[in-house]
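S.K.: Take a look at the following structure, please.
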């Protein structure tokens, strides 16, 4: 009888049991592969996020390293912001300059006070321009140039991103005034205009008495309140995230990090771009915080946080 059972082979019940076990094993292997693919996808997304966010932070760090003035939320600095022809009214979109504080530390904004900003406005040192010194005293043949830079978040169809604008170059007003000979000064101003520099700036003065245009006749003329300094968007630095399927985080918690951390959220302000400014007018410490995110093919949100503490000279 035992020999007959051995000759009959595997029974239907045994075959069904083996099939169920194999099916379960295949499901477990497939699920493991899917999970592994998801983990690898999140790792790749995290690497991309970190790399792009770090490059953006290095771009901002380079601006701050060469800055001669960081503008804060006060009437004088806001007038300078209004003097720029950006083509975008960032303040109407909820962007704000940071308030200059003297806490000695970076803390969450107290109730009812908006110390944190999300608009970075600074004056960056440009190259010293060499003038033809045939008619000039050699001591006045090199003049300092500046560029006003604005970086702020902007909502595009694919998410929140940064836009960076730079002004036309300006020359140091006081280095021109130091040329006491009227003919030499007029010659220097004409050379500057021929080099494409049409404006002068007195960094120590408010906007109403601090901005000047350079005329064809070689004269300095104060800018009227309705005249603005032309600016252009820096295509090489603007929109670094959405072109790579990344974005700045919106207010709220959609991943690992809370947005915002220091500011009190109000509408779309501040988004995943926070700036705090602490210190004195002669030297400040700037804190930058960015939260950048993307979505994986599995529908998960991956985020990275970048923080920088940057010292400034003005």
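In the working numbering, the protein residues as written are 2 to 315.
Cβ coordinates follow ideal geometry from the N, Cα and C atoms, glycine included.
None of these values were measured; they are calculated from a predicted model.
Would you grab the beta carbon distance between residue 201 and residue 172 for me? Rounded to a whole angstrom, and I think it's under 8 Å.
M.R.: Looking up residue 201 in the chain shown gives position 200. Looking up residue 172 in the chain shown gives position 171. About 5 Å; that satisfies the 8 Å criterion.
S.K.: Do residue 323 and residue 303 have their C-beta atoms within less than 7 Å of each other?
M.R.: In the structure as shown, the chain starts at 2 and stops at 315, and residue 323 therefore has no counterpart that could be examined.
S.K.: State the Cα-Cα distance for the pair residue 1 and residue 19, rounded to the nearest angstrom.
M.R.: Not covered by the structure: residue 1. The range shown for the chain is 2 to 315.
S.K.: To the nearest angstrom, how far is it from the Cα of residue 128 to the Cα of residue 68?
M.R.: As a position in the chain shown, residue 128 is number 127, starting the count at 1. As a position in the chain shown, residue 68 is number 67, starting the count at 1. Computed Cα separation, rounded: 12 Å.
S.K.: Going by DSSP, what residue range makes up the alpha helix (DSSP H) through residue 77?
M.R.: For the purposes of this step, residue 77 is taken as residue 76 along the chain shown, with counting starting at 1. Its alpha helix (DSSP H) spans residues 76-83.
S.K.: Output the boundary residues of the beta strand (DSSP E) element that contains residue 200.
M.R.: On the chain shown, residue 200 is found 199 positions in, with the first residue counted as 1. Element bounds for residue 200: 200-202.
S.K.: Please list the segments of the beta strand (DSSP E) lying wholly inside the segment 141-192, counting only runs of 3 or more residues, in order along the chain.
M.R.: 143-157, 160-168, 171-173
S.K.: Rounded to a whole number of angstroms, what is the C-alpha to C-alpha distance between residue 305 and residue 146?
M.R.: Position 304 of the chain shown holds residue 305. Position 145 of the chain shown holds residue 146. About 37 Å.
S.K.: Name the DSSP beta bridge partners of residue 312, please?
M.R.: On the chain shown, position 311 is the one that residue 312 refers to. Answer is 286.
S.K.: Output the distance between the C-alpha atoms of residue 56 and residue 181, rounded to the nearest integer angstrom.
M.R.: Locating residue 56 in the chain shown gives position 55, where the first residue counts as 1. Locating residue 181 in the chain shown gives position 180, where the first residue counts as 1. Each residue's alpha carbon lies about 45 Å from the other.
S.K.: Tell me whether residue 42 sits in a helix, a strand or coil according to DSSP, three-state version.
M.R.: For the purposes of this step, residue 42 is identified with residue 41 of the chain shown, where counting begins at 1. Because the pLDDT at residue 42 is just 49, under 50, the model does not fix this residue reliably, and the point stays unresolved.
S.K.: Residue range of the alpha helix (DSSP H) that residue 209 falls in?
M.R.: Translated into the one-based positions of the chain shown, residue 209 becomes position 208. Counting along the chain, the alpha helix (DSSP H) containing residue 209 begins and ends at 208-211.
S.K.: Beta strand (DSSP E) containing residue 219: first to last residue?
M.R.: Sequence index remark: in the chain shown, residue 219 carries index 218 (1-based). Residue 219 -> no beta strand (DSSP E), and no H or E assigned at all.
S.K.: Ordered along the chain, which non-local residues of its own chain (more than five positions away) have a Cβ less than 6 Å from that of residue 153?
M.R.: If you number the chain shown from 1, residue 153 lands on position 152. The beta carbon of residue 153 lies closer than 6 Å to those of 91, 96, 120 in the same chain, with the five residues before and after it left out.
S.K.: Is it buried or exposed for residue 24, if we count other Cβ within 10 angstroms and need 16 for buried?
M.R.: The sequence position of residue 24 within the chain shown is 23, counting from 1. Classification for residue 24: exposed.
S.K.: Alpha carbon to alpha carbon, how far is residue 293 from residue 179? Give it in angstroms, no decimals.
M.R.: By one-based count along the chain shown, residue 179 stands at place 178. By one-based count along the chain shown, residue 293 stands at place 292. Between residue 179 and residue 293, the C-alpha separation is close to 48 Å.
S.K.: Please classify residue 14 as buried or exposed, where buried requires at least 16 neighbouring CB atoms within 10 angstroms.
M.R.: Stepping through the chain shown from its first residue, residue 14 is reached at position 13. With fewer than 16 other Cβ atoms within 10 Å, it is exposed.
S.K.: Which residue's Cα is closest to the Cα of residue 183: 159, 64, 221?
M.R.: Walking along the chain shown from the start, residue 183 turns up at place 182. If we check each option's Cα against that of residue 183, 221 comes out closest.
S.K.: Short of 6 Å in beta carbon distance, which residues of its chain neighbour residue 38, apart from the five on each side in sequence? Order them along the chain.
M.R.: For the purposes of this step, residue 38 is taken as the residue at position 37 of the chain shown. Because residue 38 sits at a pLDDT of 49, beneath the cut-off of 50, its placement in the model cannot be relied upon, and the point is left open.
S.K.: DSSP three-state label for residue 49, please.
M.R.: Within the chain shown, residue 49 is the residue found at index 48, counting from 1. In this structure, residue 49 counts as helix in the three-state DSSP scheme.
S.K.: Between the C-alpha atoms of residue 232 and residue 260, what's the straight-line distance to the nearest angstrom?
M.R.: As a first step, residue 232 is located in the chain shown; it is residue number 231 there, counting from the start. As a first step, residue 260 is located in the chain shown; it is residue number 259 there, counting from the start. Each residue's Cα considered, the two are about 30 Å apart.
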